[in-house]
Each structure stands twice: as C-alpha cells, then as structure tokens.
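Enquirer: Sharing a structure with you now.
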Amino acid sequence: MTAPGKDHNAELQAAAKRNLWLHFTRMSSYSDNDIPVIVRGSGQYVYDQHGKRYLDGLSGLFVSQIGHGRKEVAEAGARQGSELAYFPLWSYAHPRAIELAERLADLAPGNLNRVFFTTSGSEAVEAAWKLAKQYFKTVGEPGRYKVISRDIAYHGTSMGALAITGLAGIKAPFEPLPAGGIRVPNTNFYRAPGFVAGDLEGFGRWAADEIERAILREGPDTVAAVFLEPLQNSGGCFPPPPGYFGRVREICDRYGVLLVSDEVICAFGRLGYYFGSQRYGYQPDIITFAKGVTSGYSPLGGMLVSDRLMEPFATGPASFLHGVTFAGHPVSCAVALANLDVFEKEDLLGNVRANEAGFRGTLQKLTDLPIVGDVRGDGYFYGIELVKDKSTRETFSDNESERLLRGYLSQALFDAGLVCRADDRGDPVIQLAPPLTCTQEHFDEIEQILRSVLTEAWTRL
Ligand SMILES: Cc1ncc(COP(=O)(O)O)c(C=O)c1O
3 MTAPGKDHNA ELQAAAKRNL WLHFTRMSSY SDNDIPVIVR GSGQYVYDQH GKRYLDGLSG
63 LFVSQIGHGR KEVAEAGARQ GSELAYFPLW SYAHPRAIEL AERLADLAPG NLNRVFFTTS
123 GSEAVEAAWK LAKQYFKTVG EPGRYKVISR DIAYHGTSMG ALAITGLAGI KAPFEPLPAG
183 GIRVPNTNFY RAPGFVAGDL EGFGRWAADE IERAILREGP DTVAAVFLEP LQNSGGCFPP
243 PPGYFGRVRE ICDRYGVLLV SDEVICAFGR LGYYFGSQRY GYQPDIITFA KGVTSGYSPL
303 GGMLVSDRLM EPFATGPASF LHGVTFAGHP VSCAVALANL DVFEKEDLLG NVRANEAGFR
363 GTLQKLTDLP IVGDVRGDGY FYGIELVKDK STRETFSDNE SERLLRGYLS QALFDAGLVC
423 RADDRGDPVI QLAPPLTCTQ EHFDEIEQIL RSVLTEAWTR L
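3 is the number of the first residue of the sequence shown in my numbering; add one for each residue after it.
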C-alpha cells in the first residue's frame, strides 16, 4: 500500500486541528504537537499516517476482539447495506436483528433470552436503568428507582449512565444528575482497608456486605438495581474476590433488587467466555453489552434480560417506553453475526483460555521494576498499578501523576509502538486489553516496551 503524500498528511493534520473535537482529550496538548492519525489496521496492529506500526494493546477501546482488517466481517456489513441498509426496530423487525437476538439468547447465561438493542454502551446502561424503573412501576413497586454502583466504576457518559458512574471528576461539571445514584466500595484488593488487608475472601464478603448496608440505609423499597462490571475496568482492572458475586446475588434476591452485569467491556471473550458473568459463575437479571459484539466493524449495543422482566410488557397495553433510531441497525447486526462466526471458526474463547496464563506471567515479570506495585486482571484484561514506593504502596501526588502519566508515559508508550492506556482516574495504572487473537509473541512485545518505558519513567521522577 502506498503511503499518502506529505502534503495530504499535512492537510489532514491541519483540518484535524481546525475542525475535529476529540473525546475526553485536552485539545491544548496538540497545539504544538501532531494529533496521532491512525489510518489502517491489520490483525493485532494499527498504522499511522506515516506508516508507523503500533501493537493495539487496548483493542482500540476494548473493542477490536477479532483484530483489524477482517474482510469477511466488513463484507457482511456491505452486503447488508445493499440488501436493507436501514429499518427501525420500532414496531418492525428485520432478519439480522432476529437472528442476532436468537444467537445472543443462546449464548447468554440462564434465562436471559430477550434482547433490546441500542447503539452504544451508555445507551445500554441507560436502557437498563429505564427498564428497571418502568418494570417496578408496572408491577406495583413505584418507589424503586435508585441504583447502586461502585466507586471509580465507569458506566458511560449520558446523563443517566453518568449518574451510575462512580468517577466524581467527570460528573461534577454536569451536576445535578438524575437522582438515585448510590456508591459502594469497589474490589481493589491492593488497596483493601486494613481490617481485611491480606484476606481476599474476607475482603470480598465485606465489599458485598457494603451493598447490603447501602440497600438498608437507602430503604430496600427504593432500590431498583445494582450495576456491577464482572471485572471493574476503571481504577485498573479489579477482579471480583472469590465468593463476591454469589453473595451479591443473595443480597439482591433478599431485597428484590435487580442485578445488572455491565459487560460493555467484559463480554465477547475479554475474559475467555462470551459473558463475564459466566466466567465468575453468577446469574444476572440484565446484561448490558456493546463494543466487542461487533469488534467495532460497526456500532452496536444492547441489553439481555430475563423473561421475568419482559412479562409485564408481554400482554395487555403496556410497552417499554424507550427506543433510539439506530438501535439494532441492520448493518451492525449483520456485522455482529459475522463477528461471532469468526469467534467460532477460530475458537477465540479457547485462545484466550489457553494463553491467559502466559499473558499474566509475562506481565508479572514487570514486578521486578521499582515502579510496578501490582499486576491484576483476568483473561486478556490487565491493569498495572504504578507506585512511588513498593514497600509502603505509596502512590504519586497529583502533581507527580500529572508529570508521569500525561507528561511522559502516554506519549512515550505510543512513541515506542504500543497503544495502551495510562490512566489516573483512580491510582495511576496502565491498562491492557489486546485483541483476542494475540499470542505469546505479542505479550513479549508488550512486556519489552513497557519495561523500557517504565524503566525510563522511574529515572525521571
Ligand atoms: C462498563 C462500561 N459501561 C458503559 C460504557 C459506555 O459505553 P459507550 O462508550 O459505548 O457509550 C463503557 C465504556 O467504556 C464501559 O466500559
């Protein structure tokens, strides 16, 4: 493939600076630097406008499960576009949405066999909260509207989803948000409170019981749902302690509260199973999904719910009063079906399960560096927590964190050819979620880049 000319690149760069607004991005940081422009992808790698190659260690944004450049998936979308590019799911169905709903219902745990499509993860979360509220109003429990979620957890950016999100910094500019978002502790064992430090199961019991205490404090007849990711992303990959979800399920059942598993990241193989709840062995009432369902070849999200939640809407005049124009878009559904075909043909779940120990072991080698405090995660989803002092687990000041992450690490990792995420929404972490096709050679490449950049970062502190 011929590289675009110098003039074309310069024009693209100038137009990007003039007209494009990047998400969650300090645009000022590009006043003196080029905006990175990614022009194509192939397998586990992406390429910028100069032809430079990067290992996509974050699958774009936890999206590209099957990797880049899969013609069969792109072509499935193109075929669908010529057959029926668009028709709404408002009062009508189309074949690809039906086939995909049936396929997802087959793959989902237990009795989750009804699919409500959206176009994104935030919309899926929004839809799940709205369904919980309308469901309870319909069955005669109108006081239930609150939602419990965990500190630092990210559940999306639309107003409802933001009220569930547990990151104070990204909520503050938009307050007041819809009422009813309640926070409980997350499952960051590395930072567990002293009375359960070193006792993983005790920590899990305590963290689950905090949900019960929150329900009792708020009043059980006011709480509609608990929203939890199987493995919490924000804060740097907190796996659930053993027994945690079993206990949360019991608590939800005791108080008639719905358990929503927000699997926008954790579904579709990220943890070696189609759904993260299957990995950790719990049965949600609702699963929200997006991202990996299409591997990003077209946008799609949705929620899977049990027949019980559908029941009040299955007969009589009631309908779920919610919808968005592009939800379950025919092209996206066709792409999702082709994406799932790749999962099956190439046994991607098997690949993750066979190689996850290698991924973990390779990243754990980095714990010999003074700056690496903790390596945690499961499947192909890991966080590396950076610390100032390993023995005391002292973290960086805001100033140091700013200098370290924004001033050095993010750019240095990218310059060294690795797309990953250096994040300080909790304590500073580096996050990795590579395509599910990765094998040991990719883990080694990730480790080598991290080792050299983190070694250099330590000398700059
Ligand atoms: C757990 C979780 N929920 C919801 C969302 C929001 O998804 P989207 O960005 O597609 O709106 C995200 C996005 O990363 C997420 O990680």
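Using N, Cα and C, we set each Cβ at its ideal position, and we do this for glycine too.
What are the boundary residues of the beta strand (DSSP E) that residue 261 is part of?
Expert: Start and end: 260-264.
Enquirer: Just to check, is the beta-carbon of residue 64 closer than 7 angstroms to a non-hydrogen atom of ligand 1?
Expert: Checking every heavy atom of ligand 1 against the Cβ of residue 64, one is found closer than 7 angstroms.
Enquirer: For residue 377, which option in 139, 193, 25 has the closest C-alpha, if you only look at C-alpha atoms?
Expert: Nearest of 139, 193, 25 to residue 377, Cα basis: 193.
Enquirer: Check whether the Cβ of residue 104 sits closer than 7 angstroms to any heavy atom of ligand 3, and report yes or no.
Expert: With respect to ligand 3, the structure offers nothing, as its ligand set consists of ligand 1.
Enquirer: Leaving out five residues before and five after residue 328 in sequence, what residues of the same chain have Cβ atoms less than 6 angstroms from its Cβ?
Expert: Counting only Cβ-Cβ distances below 6 angstroms, and skipping sequence neighbours, we find 121.
Enquirer: Please report the distance separating the alpha-carbon of residue 288 from that of residue 459.
Expert: Distance between the alpha carbons of residue 288 and residue 459: 42 angstroms.
Enquirer: Using the DSSP secondary-structure output, state which residues sit across from residue 148 in a beta bridge.
Expert: Its beta-bridge partners are 225.
Enquirer: Starting from the Cα of residue 229, find the closest Cα among 239, 265, 245 and give me that residue.
Expert: Nearest option by C-alpha distance: 265.
Enquirer: Quick check: is any heavy atom of ligand 1 less than 7 angstroms from the C-beta of residue 156?
Expert: Checking every heavy atom of ligand 1 against the Cβ of residue 156, one is found closer than 7 angstroms.
Enquirer: Below 7 angstroms CB to CB, which residues in the same chain sit around residue 312 once its five sequence neighbours on both sides are set aside?
Expert: Cβ neighbours of residue 312 beyond the five flanking positions: 116.
Enquirer: Tell me the DSSP secondary structure of residue 4 in three-state form.
Expert: Residue placement at residue 4 cannot be trusted, given a pLDDT of 49 that sits under 50; what the coordinates show is reported in the next sentence. Note: residue 4 maps to coil in three-state DSSP.
Enquirer: Alpha helix (DSSP H) containing residue 396: first to last residue?
Expert: Element bounds for residue 396: n/a, residue is neither H nor E.
Enquirer: What does the Cβ neighbour count give for residue 135, buried or exposed, with the cut at 16 atoms within 10 Å?
Expert: It is buried - the Cβ of residue 135 has at least 16 other Cβ atoms within 10 Å.
Enquirer: Taking 7 angstroms as the cut-off, is the CB of residue 127 close to at least one heavy atom of ligand 1?
Expert: The answer is yes for residue 127.
Enquirer: Which runs of the beta strand (DSSP E) spanning at least 3 residues fall entirely within the region 112-191, listed in chain order?
Expert: The region 112-191 contains these whole beta strand (DSSP E) runs: 114-120, 148-152, 183-186.
Enquirer: In chain order, what residues of the same chain lie with their CB nearer than 6 angstroms to the CB of residue 371, ignoring the 5 residues before and after it?
Expert: These residues qualify, in order along the chain: 456.
Enquirer: Is any heavy atom of ligand 1 found at a distance shorter than 7 angstroms from the C-beta of residue 153?
Expert: Incorrect: residue 153 has no Cβ contact closer than 7 angstroms to ligand 1.
Enquirer: Does the beta-carbon of residue 29 have 16 or more other beta-carbons within 10 angstroms, so that it is buried, or is it exposed?
Expert: Its Cβ having fewer than 16 others within 10 Å, residue 29 is exposed.
Enquirer: List in chain order: all unbroken beta strand (DSSP E) runs of 3+ residues lying wholly within the region 378-458.
Expert: The qualifying runs are 383-388, 423-425, 431-434.
Enquirer: Check each candidate in 373, 159, 66, 462 and name the one with the smallest Cα separation from residue 176.
Expert: Closest by alpha carbon: 159.
Enquirer: I need the straight-line Cα distance from residue 332 to residue 391, nearest angstrom please.
Expert: If I take the Cα positions, the gap works out to 52 angstroms.
Enquirer: Distance, Cα to Cα, residue 197 vs residue 384?
Expert: Answer to the nearest angstrom: the Cα atoms are 26 angstroms apart.
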